[in-house]
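Q: Okay, here's the structure, questions in a sec.
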Amino acid sequence: MKNFRNITLAFFALISLNSCSNDDADGQPAAVSGTTQITFDSKVGAADFALNTPFTISGQSYQFDRLRYWVSDVKLVSDKNETYALSNSFFLLEETTEIKVQDGKYTYPAQKREAIDLKDIPSGSYTKLIFSVGVDAIHNDNMSIQDGELSQLNGMTNISWMWHTSYIFSSLTGKNMTPATPVAIAVETGLNTNYRTVEITLPSALVISAGKSSKLNLNVDVEKIVKDIDLVASPKISAKTPELMTKVADNYKNTVFTVKSIE
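Right, here's the structure in full:
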């Protein structure tokens, strides 16, 4: 009888231990997490974006060889108004030909990257996506802090007197092919004042749960990057044209990104 009682007690202890293992430190059920992918599908109006392909913008024919921008500080907001922030989230979205870095000592290869994968997200229904275009002041002012994908070897840094001084937040380069002699264009943003946060309210909930793959597809309209900007008069936009750079940064915040679909 004594042995039976000991076996019974051990049995219930095992059940209790197993139950506790599925709870967190407060005795509450452990949160179940899932994954999702966010795609950034580049377009020029309704056409798919491609390098070295003619596109008409404001009556001019352009061919691009580079589209690059930092997506950082990614957050998802649930239908319960709870915010999940992805730590160390610095992603370089790009479609580019190869780039010579450090006076040609290093070559950054041609790349195409239009998606980021988010892991270990608490299960739930998410109704808003928040992210920033650029690099926050802490990292931008101290390039020795290289979280996420930040690096000085990707050709997205400004160099002054042989020193890397800050990050380029976004870069769109190519040529205006309309003139008899094509004109090079370069549309860049940078500087802490042009760090922009994008907030997108989703038309339907993005549902994330364990064992289920979900996907949020965004349109990225390259034509909207240069909205209300005369590239004929100002083919080079940089820190030397601060008002135009700010206008480009505002375009990224307000008009460039829209929801394509939720899967």
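Residue 62 is where the sequence shown starts when you use our numbering, and the numbers rise one by one after that.
Even for Gly, the Cβ is constructed at its ideal location relative to N, Cα and C.
#1: Report buried or exposed for A310, applying the criterion of at least 16 other Cβ atoms within 10 angstroms of its Cβ.
#2: Based on DSSP bridge pairs, tell me the residues matched to H225.
#3: DSSP beta-bridge partners for G95?
#4: Within the same chain, show all residues whose beta-carbon is closer than 6 Å to that of T262, passing over the 5 residues directly before and after it, in chain order.
#5: Taking the continuous beta strand (DSSP E) assigned at P264, which residues delimit it?
#6: Do the CB positions of A294 and V93 come within less than 7 Å of each other?
#7: Which residue comes first and which comes last in the beta strand (DSSP E) that contains V320?
#8: Going by DSSP, name the residue or residues bridged to N280.
#9: The alpha helix (DSSP H) that contains K326, what's its start and end?
#10: For A91 and S133, I'd like the C-alpha separation in whole angstroms.
#11: Rounded to whole angstroms, what's the CA-CA distance from T168 to I160? Just pull it up for me.
#12: Report the three-state DSSP secondary structure of A203 (helix, strand or coil).
#13: If you compare alpha carbons, which of D197, K166, K301 and I286 is closest to R257?
#14: Starting from the C-beta of D87, find all residues in its chain whose C-beta is less than 6 Å away, skip the five residues before and the five after it, and write them out in chain order.
#15: Throw me the rounded Cβ distance for the V281 and F318 pair, which I believe falls under 8 Å.
#16: Applying the 10 Å Cβ sphere with the 16-neighbour rule, what's the burial state of G95?
#17: Can you find the residues in the same chain that come closer than 7 Å, C-beta to C-beta, to K308, ignoring five residues on each side of it along the sequence?
#18: Determine, using beta carbons only, whether I191 and E260 come nearer to each other than 7 Å.
#19: Can you list, in chain order, the residues of its chain whose CB lies under 8 Å from that of P115, leaving out five sequence neighbours each side?
#20: Rank N215, N219, G235 and S299 by C-alpha distance to the C-alpha of N201 and give the top, closest one.
A: In this structure, then:
#1: Around the beta carbon of A310, 16 or more other beta carbons sit within 10 angstroms, so the residue counts as buried.
#2: I220
#3: I182
#4: K189
#5: First-last of the beta strand (DSSP E) with P264: R257 to I269.
#6: no
#7: F318 to I323
#8: When DSSP reads this structure, N280 sits in a beta bridge with D102 and T319.
#9: This structure cannot settle anything about residue 326, because the visible part of the chain is limited to 62 through 324.
#10: Confidence is the limiting factor: at A91 the pLDDT is only 46, short of 50, which leaves the residue's position unreliable, though a coordinate-based value still follows. Each residue's Cα considered, the two are about 28 Å apart.
#11: Put simply, the backbone Cα of T168 is about 6 Å away from that of I160.
#12: Contrary to the premise, residue 203 reads as Asn rather than Ala in this sequence. Note: N203 maps to coil in three-state DSSP.
#13: Answer by Cα proximity: D197.
#14: Its pLDDT being 47, under 50, D87 is placed unreliably in this model, and the coordinates cannot settle the point.
#15: 6 Å
#16: buried
#17: D289 and I290
#18: yes
#19: Cβ-Cβ distances below 8 Å link P115 to S122, Y123, Q124 and M238 in the same chain, with the five nearest sequence neighbours on each side left out; the list follows chain order.
#20: N219
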